[in-house]
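Below you'll find the structure, written out as structure tokens, and then a few comments.
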């Protein structure tokens, strides 16, 4: 059975993605599981868009490991702040709590439609054996809360309120979140494509 590399060291993100790949005839592994056995340099996310960064990561880690790779770049977009933090979502501060505090400080004094936000996800598949690359996108809209709520998820989940469930993303179960999230959308589309395409075409060890 071929291995499919999930290009993230974030265990929470890896679990979300692997759940969505149920039924794919491949062994899913993430960077945290293989980096201990081999020295893999981190990809330099130099792109100016989520799509560029997802492509950079997929190609980089596929070439470094020889494994077909899926990589994602995702971001929180807040229109009233000019789209900030966007492509820089994971890099505006060192920890999730610091990133959340920074977002809330930027929105201090704003209310109603000024707190509209969306999560965007771009998932990219690259197979180094064939050179095939495929790109899938997902978007979910909501609002930024005044304070964090919930203990699940990661990143900006505690302050992202989804009106459909009347909960923050951090208050949702993994199943609820995968049903509607930006990441759920992009990776479900990728999983459907993998099944439709018949990948992997051959059973290689």
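In the working numbering, the protein residues as written are 341 to 545.
Cβ atoms here follow ideal geometry from the backbone N, Cα and C, with glycine treated the same way.
This structure is a prediction, so every number in the text was calculated from the model and none was measured.
Cβ separation of residue i and residue j, assumed to be a contact under 8 Å, to the nearest whole Å
{"i": "residue 417", "j": "residue 460", "result": "6 Å"}
{"i": "residue 526", "j": "residue 463", "result": "4 Å"}
{"i": "residue 443", "j": "residue 380", "result": "About 31 Å separates the two Cβ atoms, so there is no contact after all."}
{"i": "residue 524", "j": "residue 502", "result": "Going by Cβ atoms, the distance from residue 524 to residue 502 rounds to 12 Å, so no, they are not a contact pair."}
{"i": "residue 466", "j": "residue 409", "result": "5 Å"}
{"i": "residue 534", "j": "residue 364", "result": "5 Å"}
{"i": "residue 413", "j": "residue 434", "result": "Not really, about 19 Å apart at Cβ, beyond 8 Å."}
{"i": "residue 540", "j": "residue 366", "result": "6 Å"}
{"i": "residue 505", "j": "residue 352", "result": "About 19 Å separates the two Cβ atoms, so there is no contact after all."}
Neighbourhood of residue i by C-beta distance below 6 Å, restricted to the same chain and skipping five residues each side
{"i": "residue 490", "result": "498, 508, 510 and 511"}
{"i": "residue 543", "result": "Only weak support exists for where residue 543 lies, its pLDDT of 47 falling under 50; the value from the coordinates is given anyway. For residue 543, where only same-chain residues beyond five positions count, there are no Cβ hits under 6 Å."}
{"i": "residue 361", "result": "368 and 531"}
{"i": "residue 446", "result": "421"}
{"i": "residue 476", "result": "463, 526, 529 and 530"}
{"i": "residue 395", "result": "464"}
Of the residues the options, the one placed nearest residue i, counting alpha carbons only
{"i": "residue 373", "options": "478, 355 and 365", "result": "355"}
{"i": "residue 411", "options": "439, 382 and 437", "result": "382"}
{"i": "residue 436", "options": "496, 532 and 457", "result": "496"}
{"i": "residue 350", "options": "430, 395 and 392", "result": "430"}
{"i": "residue 454", "options": "517, 486 and 538", "result": "486"}
{"i": "residue 392", "options": "517, 518, 473 and 424", "result": "473"}
{"i": "residue 407", "options": "470, 516 and 517", "result": "470"}
{"i": "residue 515", "options": "536, 423, 492 and 384", "result": "492"}
{"i": "residue 441", "options": "395, 452, 518 and 500", "result": "500"}
Continuous alpha helix (DSSP H) stretch holding residue i: start and end
{"i": "residue 528", "result": "522-537"}
{"i": "residue 287", "result": "Past the boundaries of the shown model lies residue 287; the chain is included only from 341 to 545, so the question cannot be answered."}
{"i": "residue 360", "result": "351-360"}
{"i": "residue 381", "result": "No alpha helix (DSSP H) holds residue 381; DSSP gives it neither H nor E."}
{"i": "residue 442", "result": "436-446"}
{"i": "residue 345", "result": "Unbroken run through residue 345 is the beta strand (DSSP E), 343-346; no alpha helix (DSSP H)."}
8 Å CB neighbourhood of residue i in its chain, flanking five on each side removed
{"i": "residue 480", "result": "458, 459, 502, 520, 521, 522 and 525"}
Extent of the continuous beta strand (DSSP E) run through residue i
{"i": "residue 426", "result": "It is not in any beta strand (DSSP E) - residue 426 carries neither H nor E in the DSSP assignment."}
{"i": "residue 478", "result": "472-484"}
{"i": "residue 412", "result": "408-417"}
{"i": "residue 467", "result": "456-467"}
Own chain partners of residue i with C-beta closer than 7 Å, once the 5 adjacent residues on each side are dropped
{"i": "residue 389", "result": "427"}
{"i": "residue 419", "result": "456"}
{"i": "residue 439", "result": "432, 433 and 496"}
* Could you tell me whether the region 394-401 touches the region 341-360, using the rule of 3 or more Cβ pairs below 8 Å? => yes
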